[in-house]
Every structure is written in C-alpha cells, then in structure tokens.
Amino acid sequence: MARRHVPERTCVGCRGRAPKASLVRVVRSPDGAVGADPGGRAPGRGAYVHPDPACLGLALKRGAFARALRRNLSPEEVGTLRAEIERIVGER
Numbered sequence: 521m522a523r524r525h526v527p528e529r530t531c532v533g534c535r536g537r538a539p540k541a542s543l544v545r546v547v548r549s550p551d552g553a554v555g556a557d558p559g560g561r562a563p564g565r566g567a568y569v570h571p572d573p574a575c576l577g578l579a580l581k582r583g584a585f586a587r588a589l590r591r592n593l594s595p596e597e598v599g600t601l602r603a604e605i606e607r608i609v610g611e612r
C-alpha cells in the first residue's frame, strides 16, 4: 500500500523542516495586513514557524518574517503577531 504524501514546510526561525500541519502559518493578505492564519488557508503570501517561543523569537530577531512576507513589520505588528501565535499555540 502506498503512503500518502505529507507536505513539508521550512520554519523561518530555526530553518528546520516539518510537516505543514505542525507549523503555524503567518500570512500577508492581499491588502497588506499581517497576521497568524490558524486554518492555513487565508489568501496571500505565507511564512511558517514552529509553535515554539524560541523559534518565534529567532524569526523576529533575524527579520525572517519581513523577508519571507516581503514587507517590513512595525513594532506594533510584531507585538500583535507574537500574541496571536501564542494564542494559537495555547489552543493546540
């Protein structure tokens, strides 16, 4: 019996690869708003991060979200994004 393909994505924090379902997607919507995408289906440019505070901190420190989403993030957006991801991690 053939095994099903499991999509993998790269974490922008630690650069490790993991199954898409185990990562949190951050999306820049077509109107330019940046936010966490718990369902992973929102339209726009996406970046993935492990649901781990260390990976999130590393991604923010390195500017990985700004690079992956092709948009600079303001300090307010960074704070909001951190809170959204922590909320999603708490729900999992």
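Per our numbering: the sequence shown = residues 521 to 612. The C-beta atom is built at its ideal place from N, Cα and C for all residues, glycine as well.
Best match in the options for proximity to residue i [C-alpha to C-alpha]
i, options, result
"Arg529", "Leu578, Ala538, Ala522", "Ala538"
"Ala586", "Ala522, Val532, Val544", "Val532"
"Ile527", "Glu611, Tyr568, Val598, Glu604", "First, the amino acid is wrong: residue 527 is Pro here, not Ile. Of the listed residues, the one whose Cα sits closest to Pro527 is Tyr568."
"Ala541", "Cys534, Ala588, His570", "His570"
"Leu576", "Ala522, Gly552, Ala603", "Ala603"
Residues of its chain near residue i, where Cβ-Cβ distance is below 7 Å and the 5 sequence neighbours each way are ignored
i, result
"Gly564", "Val547, Arg548, Ser549, Pro550"
"Ala562", "Val547, Ser549"
Span of the beta strand (DSSP E), counted from its first residue to its last, around residue i
i, result
"Val554", "554 to 557"
Terminal residues of the alpha helix (DSSP H) in which residue i lies
i, result
"Arg523", "Where Arg523 is concerned, there is no enclosing alpha helix (DSSP H), given that its DSSP letter is neither H nor E."
"Arg582", "573 to 582"
"Leu593", "Here Leu593 belongs to no alpha helix (DSSP H), and DSSP marks it neither H nor E."
Opposing strand residues paired with residue i [DSSP bridges]
i, result
"Glu528", "Pro539"
"Ala567", "Val546"
Beta-carbon separation (whole angstroms), residue i vs residue j, contact threshold 8 Å
i, j, result
"Leu593", "Val554", "6 Å"
Cβ neighbours of residue i in the same chain (closer than 6 Å, five flanking residues each side left out)
i, result
"Ala588", "Val532, Ala567"
"Arg591", "Arg548"
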